[in-house]
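A.B. asks:
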């Protein structure tokens, strides 16, 4: 039976890869169609033209600089956002007054597009790396804080009761029940935060950045250079899906014990 | 149980519990008095909302009574303690721990380590016939197996009184019957005092030496029935004239309470 199960699994994997291939081919076909149709041809140069731009952008000496600059801003802002969000979420779950004071504002600010408050941050923090990191920190911190908080308050109370009955003290309950029970929500927050960090990138780099994927797309826009723009868009997409897959791998490793997967 | 010296294990004295509902004060329990003897298996039936779980939670030390008191071994109950174990209806297994680590949990809380802890855990895992599933996570187990683990875990903590809150309520009829049988066998071996809540009259009768019938709103003890059917009991006991007679007697009282609640 075990062999059959395993066989089923490899089969399933193979089917997944085949479907992924088909999906890729469909996208390529659509892309090619868009590059031929007169209405869209200017916005969507074909795949060869676009990938040719890799060399062009390297020659201009900007590709690696843009990627590394964006990655530095994103990871710094994101890490800072996480470091702030985790204790804040725990405080909100623990002390009712903290939640009542903070939660409405998190929800209020979360719904404002970061692009709207970028000028204020530039005026306060100047141009360069600092405002970029601040913008990404704000955006990721808010979404991670809300997600973690909701996870922590929804921890099954019977588990805490059971632990207490089995002799657990407050410290044991925190370390051996609350921490592992909230891990899945923390990882979900990490995943949502990562995608939020990337989507905020364009706004963050509109703060007078000197390099960066988002900044470059805006500057290429001034000359209507659609081929490198499309290349940069695809690069952002690839970074996004790689990070998401890595976090999903981590989730499966660390929280594989979960009954059901969420979101 | 003639000739057997019987001490009072748990003394419930005039327990009252009220809580703040939306429309004012709700009296969940009022004037509950009961003595549970050493080694006794006592079952409790009553309509939902009669405060069965409330009294169990107060006995466990998870709730404080509004007035009145509970003595366990002559000592007044405040908070949870190693002398009382609880089995919950929702199993309350720690999903991030394997079967074995779940059963080890109370031992670790007591500071029992190494081979000694291992031996105790294995003894109770064997008792519930799950030694093949030691390294499985709860999500890989059926409902019946999960509840077996919860019972093993409660036994591993070695309490003097086992409080069971509708432990088989979520299981299908067949599994429930099987677990009842296993629980009876264990009880006959270990003779731990059991306080077992159920809404199933058959279950109350097949397990208990005495059946406590509770009335609703406010919850109080309406009647206590001595079950003069000798152990070992099995499924055939359920066909015996005495069983059916007692069942009728209890059922009519519970049904009456049910009608009261509906009014």
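Residue numbers (this note's numbering), protein chains in the order written: chain A, -15 to 247; chain B, 119 to 381.
Don't be surprised by glycine CBs; every beta carbon is placed ideally from N, CA and C.
Quick caveat: nothing in here was measured; it's all calculated off a predicted structure.
1. Between B:351, B:136, B:142, B:344, which lies nearest to residue 296 of chain B when the distance is taken from Cα to Cα?
2. How close, in whole Å, do the beta carbons of residue 164 of chain B and residue 370 of chain B come, if the pair is a contact with beta carbons under 8 angstroms?
3. Just mark residue 218 of chain A as buried or exposed, buried being the case when its beta carbon has 16 or more other beta carbons within 10 Å.
4. On the three-state DSSP scale, how would you describe residue 320 of chain B?
5. Taking the alpha-carbon of residue 193 of chain A as reference, which of A:179, A:160, A:10, A:51 has the nearest alpha-carbon?
6. Tell me whether the beta-carbon of residue 159 of chain B lies closer than 9 angstroms to the beta-carbon of residue 311 of chain B.
7. Write down the C-beta distance between residue 298 of chain B and residue 324 of chain B rounded to the nearest angstrom, noting that I regard them as a contact closer than 8 angstroms.
8. Quick one: grab the DSSP three-state call for residue 156 of chain A.
9. Going along chain A, which residues have a C-beta under 7 angstroms from residue 227 of chain B?
10. Contact criterion: CB-CB distance below 9 angstroms. Does residue 58 of chain A meet it with respect to chain B?
11. Taking the alpha carbon of residue 123 of chain A as the reference point, which residue from A:181, A:113, A:49 has its own alpha carbon closest?
12. Return the chain-ordered list of same chain residues with a C-beta closer than 7 angstroms to the C-beta of residue 3 of chain A, the five sequence neighbours on each side being excluded.
13. Please tell me whether residue 145 of chain A has its Cβ less than 9 angstroms away from any Cβ of chain B.
14. Could you please give the first and the last residue of the uninterrupted alpha helix (DSSP H) stretch that includes residue 162 of chain A?
15. Pull out every residue of the stretch 205 to 224 of chain B whose Cβ sits closer than 7 angstroms to any Cβ of chain A, in chain order.
16. Just mark residue 0 of chain A as buried or exposed, buried being the case when its beta carbon has 16 or more other beta carbons within 10 Å.
17. Between A:223, A:-4, A:146, which has its C-alpha nearest residue 220 of chain B's C-alpha?
18. Grab the span of the alpha helix (DSSP H) containing residue 45 of chain A for me, first residue to last.
19. Residue 243 of chain A versus chain B: which residues are under 9 angstroms apart at the beta carbon?
20. Which same chain residues, not among the five before or five after residue 229 of chain A, have their C-beta less than 7 angstroms away from its C-beta?
21. If you run the structure through DSSP and keep just helix, strand and coil, what is residue 182 of chain B?
C.D. replies: Judging by the given coordinates:
1. Scanning B:351, B:136, B:142, B:344 for the CA closest to the CA of residue 296 of chain B turns up B:351.
2. Here residue 164 of chain B is actually not in contact with residue 370 of chain B; their C-beta atoms are around 14 angstroms apart, not less than 8 angstroms.
3. Around the beta-carbon of residue 218 of chain A, fewer than 16 other beta-carbon atoms lie within 10 Å, marking it exposed.
4. Three-state result, residue 320 of chain B: helix.
5. Residue A:51 holds the alpha-carbon nearest to the alpha-carbon of residue 193 of chain A among A:179, A:160, A:10, A:51.
6. One thing to note: residue 159 of chain B has its Cβ within 9 angstroms of the Cβ of residue 311 of chain B.
7. So it is a contact: roughly 6 angstroms between Cβ atoms.
8. In the structure shown, residue 156 of chain A sits in a helix (DSSP, three-state: H, G or I).
9. Under a criterion of Cβ atoms nearer than 7 angstroms, the residues of chain A adjacent to residue 227 of chain B are, in order, 150, 151, 152, 156.
10. Using a Cβ-Cβ cut-off of 9 angstroms, residue 58 of chain A does not count as an interface residue toward chain B, since no Cβ of chain B sits closer than that to its own.
11. Selection A:181, A:113, A:49 evaluated against residue 123 of chain A yields A:181 as nearest (Cα-Cα).
12. If you ignore the 5 residues before and after residue 3 of chain A, its C-beta comes within less than 7 angstroms of no other C-beta in its own chain.
13. Yes, contact with chain B.
14. DSSP places residue 162 of chain A in no alpha helix (DSSP H); its state is neither H nor E.
15. Residues are counted here when their Cβ sits less than 7 angstroms from a Cβ of chain A; for the stretch 205 to 224 of chain B these are 206, 208, 210, 212, 213, 214, 223, 224, given in chain order.
16. Here residue 0 of chain A is exposed: its Cβ has fewer than 16 other Cβ atoms, across all protein chains shown, within 10 Å.
17. Measuring C-alpha to C-alpha distances from residue 220 of chain B to each of A:223, A:-4, A:146 identifies A:146 as the nearest.
18. The continuous stretches of alpha helix (DSSP H) do not include residue 45 of chain A, and DSSP gives it neither H nor E.
19. Correct list: 213, 256, 257.
20. So no residue of the chain qualifies.
21. Three-state result, residue 182 of chain B: coil.
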